[in-house]
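Participant:
Chains as they are written, first to last, in the numbering used here: chain A, 70 to 387; chain B, 4 to 349; chain C, -15 to 333.
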């Protein structure tokens, strides 16, 4: 019954703990307030989750390489402005979506280029673009807000297929893709390897720079995609889109068991982390109706879960 | 090393020189547009506004030097300001200043110690601990303030913070004291050398018998204490205490530290660079006002701040470009990096 | 080595179990100690649940509205009042709170939209789910609410501030520069007021030289005010149009010894600005009775839920406020108030 044995036979230790916590939370919430477990209600409120969830996928990959992307929220602001400006001049939603995605890729590409080619630490690069992207959006749009994109477009985020919100399908598909990429492809192995020992990967002939460039660009692309959902959900495109998202996304990834130093973690953990935080928030706000309590509880959850993992972790690093 | 160009390159490679040049260029441009920028009153204002950032940056710099990071100082400042208001405002508990202020300083130090404990003994990465505290402390502040603002701090404290002694507010004197103290720690004490040694190579430091736990605990507690100090000397300058105090302060401080040339992976950095970065970033707002960029231009403020940071970081890497070497994590430490840290503080 | 490792394992296992236990306890306790006010199934059946959603929770303005709302709820007796909103004023979080309340099945939601477009979808969904939706403090998008408790439109607020400034400076013939210190460049309310203030200022002889955006940051607001005072020697007045920039601007004027020379005006509750009104830095504070606003909103919400208030009514009985007129679907609180040195001490909120 030694945990180390268990760990060897059973590799999903983090996920198991997260799952137990999640179930414990749901049971508690269900006992306190039976209405909480209403499936329809849960599906409706899951709208609050999908944007974070989508951003968390590339963030997981980036953190697995030992990097970080603080600029995703600001990139969303920039993408939203691009969307709004394009729509107001052309009136075409499809074209606006395309522009939005392109701007996202460009932003992520800038991050990736600075990180991989100029060898600047990702934290520093994305701290700078965190201010720059948001500022660019504010400057270009002059703080203006764009709205009225039509009923059809708002269905993208608000609509349901078979009782499940449309973005859920998108997330499911992309999460599956990411998970397969990580576990079944050489690219996925490189991601882990870079997180473990970048120097060794470099010496083994892998183009580490290209991997990183692609990862940060894909993070930008995802910011663009998320912006489309965000704009659709609120029928508003403005430079303040995605404010504060970066911290929530990183929180979810780390609670999901991905090591901030890289090399350890997976998509399954991230999904559970997202769900745990989402349900915790919902439970707290339902129980006390005090907004500030949510941030306190999520902050403590973050630190607490990491303490928990540390306790479980067999010290094979250092 | 002998030829003049070599020396020139070596001088230009110093982050401090680049920052100083940038400050001079910006000042020159602004003062040609409006000489009023160079008025004593304006320069004094810039100094006053730099003070809290400078004070806290001294602590965060030491944290970064040991290879950790602290992004919770903004929320900590808000919590301590609320606490200070509750303790000594004449509308609240009305405690004596001489009880209230030490209590705030103690509380700041204790929260710093707690952070340090979670990082060293709890083995939780510092970016995660302080990210958690960033949100948790902000929430706690809002709860503590119960939706009201607090004013009515003791008159004596307010006038010290606003007009001060010898023409300069208390915060500036405090910042000078903290700078000198931190400078002495870095250059003249075993503690300073050990902090840098730990950041250069945790393994080597351990092998030579340095206590990683104690050193990091010191760095975090010092940051907590300095945040409390900055709160005490700077917050009374504001019209009232509200729960939004210190919004975005953590990112400003971290930005100053990295723009100032402190290596994010630890072990390298100089106080002068950090202070120059503090001044440079504090200058952005007044510079835009004095350039009279107009209503449309004002909306570019954030973009310009971001650009400044990018510029500072890129020029540095372009000038001192290393052909290979990873951008993160266990960067192979160059033997010279330790010596670089031994520069003069001021 | 194996012994060491095993020792490590054991302690680790204990550690994780402790943490797990602590977590479960935390949640368990949270469930046990308090039952949520929102549980529609539990508690007394007849109680109406009314949600009051401010633009920003935790600032003095909305705290005083909440005070009036609680007063009304106590008076009515059959109302369970929930006062909650985003502490950072993020309109997206407003929308999410409306959605949460919709799922919980509350009776009435009173929204102060911080960005009408952003919350419109959530408000429509709430109405579709059979929940009564009111707006208060700020108007929503058409078709998203049944009534608007109207204290002042952005038109009245913007013009009110400009008129107060012109009057305080000594009449319509005064010339000089003025500055607006706003919040963020993207703040919906402030931008709406600015859109009104600009044309209103053009009709006067005052010249708007710039608009500053310090965000919700007191230090930046103070700094920006100091800088514009130094930069524009002909500056006559500053509009501080956020809860942070108004006191910030007044503080800057006072600290630079310009009280009386440069006037500051803006929106604020009287208690916040009494100090500056008494020493002459601020001559006029523009606002309305926020306590009455919260009070009226809750009364209107209750009447609406009980069917006492229907579309087409021309007046509503509003407790201690007497009868309040309804114009169309706007319940009118009354005109904006201008607090001056003469009357500010009569108000305490």
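Glycine included, C-beta positions come from ideal geometry on N, C-alpha and C. Please read these numbers as outputs of a predicted model, since none were measured by experiment.
9 angstroms is my cut-off, CB to CB: does residue 328 of chain B come that close to chain A?
Facilitator: Residue confidence is low: residue 328 of chain B scores 36 on pLDDT, short of 50, so the model does not pin down where it sits. Its coordinate-derived value is still stated next. Closer than 9 angstroms: yes.
Participant: Would residue 200 of chain C pass as a contact of residue 231 of chain C if the rule is Cβ separation under 9 angstroms?
Facilitator: Their beta carbons are not under 9 angstroms apart, which means residue 200 of chain C does not touch residue 231 of chain C by this criterion.
Participant: Report all residues from its chain with a CB closer than 6 angstroms to the CB of residue 85 of chain C; omit the five preceding and five following residues, and keep chain order.
Facilitator: Cβ neighbours of residue 85 of chain C beyond the five flanking positions: 35, 93.
Participant: Measuring CA to CA, which of B:100, B:197, B:23, B:304 is closest to residue 384 of chain B?
Facilitator: Any answer about residue 384 of chain B is impossible in this case: the structure gives chain B only from 4 up to 349.
Participant: Quickly, what does DSSP pair residue 269 of chain C with across the bridge? List them, please.
Facilitator: Looking at the DSSP assignment, residue 269 of chain C forms a beta bridge with C:250, C:323.
Participant: With burial defined as no fewer than 16 other Cβ atoms inside 10 Å of the residue's Cβ, what is the status of residue 112 of chain B: buried or exposed?
Facilitator: So residue 112 of chain B ends up on the buried side.
Participant: Counting pairs of Cβ atoms below 8 angstroms between the segment 53 to 69 of chain B and the segment 171 to 185 of chain B, do you hit three or more?
Facilitator: Short answer: they touch.
Participant: Could you tell me which chain B residues have their CB closer than 7 angstroms to the CB of residue 231 of chain C, listed as they occur along the chain?
Facilitator: Chain B residues near residue 231 of chain C: 242, 243.
Participant: What does a CB cutoff of less than 8 angstroms around residue 356 of chain B pick up in its chain, not counting 5 residues either side in sequence?
Facilitator: The structure shown does not extend to residue 356 of chain B, since chain B is modelled only from 4 through 349, so no value can be given for it.
Participant: Would you call residue 264 of chain C buried or exposed, if buried means 16 or more other Cβ atoms sit within 10 Å of its Cβ?
Facilitator: It is exposed - the Cβ of residue 264 of chain C has fewer than 16 other Cβ atoms within 10 Å.
Participant: Please identify, using Cβ separations under 9 angstroms, the residues of the segment 159 to 187 of chain B that lie next to chain F, in order along the chain.
Facilitator: Among the protein chains of the structure shown, namely A, B and C, there is no chain F.
Participant: For residue 12 of chain C, does the three-state DSSP call read helix, strand or coil?
Facilitator: Any reading at residue 12 of chain C must be qualified, since the residue scores a pLDDT of 43, below 50, and its modelled position is unreliable; no value is offered.
Participant: Is it buried or exposed, residue 78 of chain B, if we count other Cβ atoms within 10 angstroms and call 16 or more buried?
Facilitator: It is buried - the Cβ of residue 78 of chain B has at least 16 other Cβ atoms within 10 Å.
Participant: Cβ of residue 282 of chain C less than 9 angstroms from any chain B Cβ?
Facilitator: Not closer than 9 angstroms to any Cβ of chain B, the Cβ of residue 282 of chain C fails to qualify, so no.
Participant: Residue 20 of chain B: which of B:271, B:263, B:294 sits nearest, CA to CA?
Facilitator: Of the candidates B:271, B:263, B:294, the one whose C-alpha sits nearest the C-alpha of residue 20 of chain B is B:263.
Participant: Taking only beta-carbon positions, decide if residue 180 of chain A is within less than 9 angstroms of chain C.
Facilitator: Not an interface residue.
Participant: For residue 37 of chain B, which three-state DSSP category applies?
Facilitator: In this structure, residue 37 of chain B counts as coil in the three-state DSSP scheme.
Participant: Starting from residue 161 of chain C, trace the beta strand (DSSP E) both ways and give me its first and last residue.
Facilitator: From DSSP, the beta strand (DSSP E) with residue 161 of chain C extends over 160 to 165.
Participant: Thinking just about the alpha-carbon of each residue, which of A:307, A:166, A:110, A:354 is nearest to the one in residue 293 of chain A?
Facilitator: When each option's Cα is compared against that of residue 293 of chain A, the closest is A:166.
Participant: Taking a Cβ distance cut-off of 7 angstroms, strictly less, list which residues of the segment 118 to 142 of chain A are near chain B, in chain order.
Facilitator: The residues in question are 135, 136.
Participant: In whole angstroms, what is the alpha-carbon distance linking residue 192 of chain C and residue 234 of chain C?
Facilitator: So the two alpha carbons sit approximately 18 angstroms from each other.
Participant: Taking C-beta pairs closer than 8 angstroms, name the residues in chain C that residue 289 of chain B reaches, listed in chain order.
Facilitator: Chain C residues near residue 289 of chain B: 207, 211.
Participant: By DSSP's criteria, residue 243 of chain C is part of a beta bridge. Which residues make up the other side?
Facilitator: Bridge partners of residue 243 of chain C: C:246.
Participant: Please look up how many angstroms separate the CB atoms of residue 82 of chain B and residue 35 of chain B, rounded, as I've assumed it's under 8 angstroms.
Facilitator: Actually they are not in contact, since the Cβ atoms of residue 82 of chain B and residue 35 of chain B sit about 44 angstroms apart, beyond 8 angstroms.
Participant: Can you find a CB in chain A that lies within less than 9 angstroms of the CB of residue 292 of chain B?
Facilitator: For residue 292 of chain B, the answer is no, since every Cβ of chain A falls outside 9 angstroms of its Cβ.
Participant: Could you tell me whether the Cβ of residue 259 of chain C comes closer than 9 angstroms to any Cβ of chain B?
Facilitator: Yes, residue 259 of chain C counts as interfacial toward chain B.
Participant: On the criterion of 16 or more Cβ atoms from any shown chain inside 10 Å, does residue 312 of chain C qualify as buried, or is it exposed?
Facilitator: Per the 10 Å Cβ criterion, exposed.
Participant: So what does DSSP say about residue 191 of chain A, is it helix, strand or coil?
Facilitator: In this structure, residue 191 of chain A counts as helix in the three-state DSSP scheme.
Participant: Any beta-carbon of chain B closer than 9 angstroms to the one on residue 200 of chain A?
Facilitator: Yes, because at least one Cβ of chain B sits closer than 9 angstroms to the Cβ of residue 200 of chain A.
Participant: Would you mind giving the Cβ-Cβ distance between residue 286 of chain A and residue 178 of chain A, rounded to the nearest angstrom? I have them listed as a contact below 8 angstroms.
Facilitator: About 5 angstroms separates the two Cβ atoms, so the contact holds.
Participant: Give the residues of chain C in contact with residue 110 of chain A, contact being defined as C-beta atoms less than 7 angstroms apart.
Facilitator: Within 7 angstroms Cβ-Cβ: 87.
Participant: Could you tell me whether the Cβ of residue 85 of chain A comes closer than 9 angstroms to any Cβ of chain C?
Facilitator: It does not: the Cβ of residue 85 of chain A has no partner Cβ on chain C nearer than 9 angstroms.
Participant: At a CB-CB cut-off below 7 angstroms, which residues of chain A make contact with residue 68 of chain C?
Facilitator: Near residue 68 of chain C (Cβ distances below 7 angstroms), the residues of chain A are 358, 359, 360.
Participant: By the 10 Å Cβ neighbour count, where 16 or more other Cβ atoms means buried, how is residue 9 of chain B classified, buried or exposed?
Facilitator: Residue 9 of chain B should be labelled exposed.
Participant: Hey, which unbroken runs of the alpha helix (DSSP H) at 4 residues or more fall wholly within the segment 254 to 306 of chain A?
Facilitator: Here the runs fully enclosed are 255 to 272, 277 to 303.
Participant: Less than 8 angstroms between the CB atoms is what I'm expecting for residue 2 of chain B and residue 29 of chain B, so what's the real figure, rounded?
Facilitator: Nothing can be reported for residue 2 of chain B: it is not among the residues displayed for chain B, which extend from 4 to 349.
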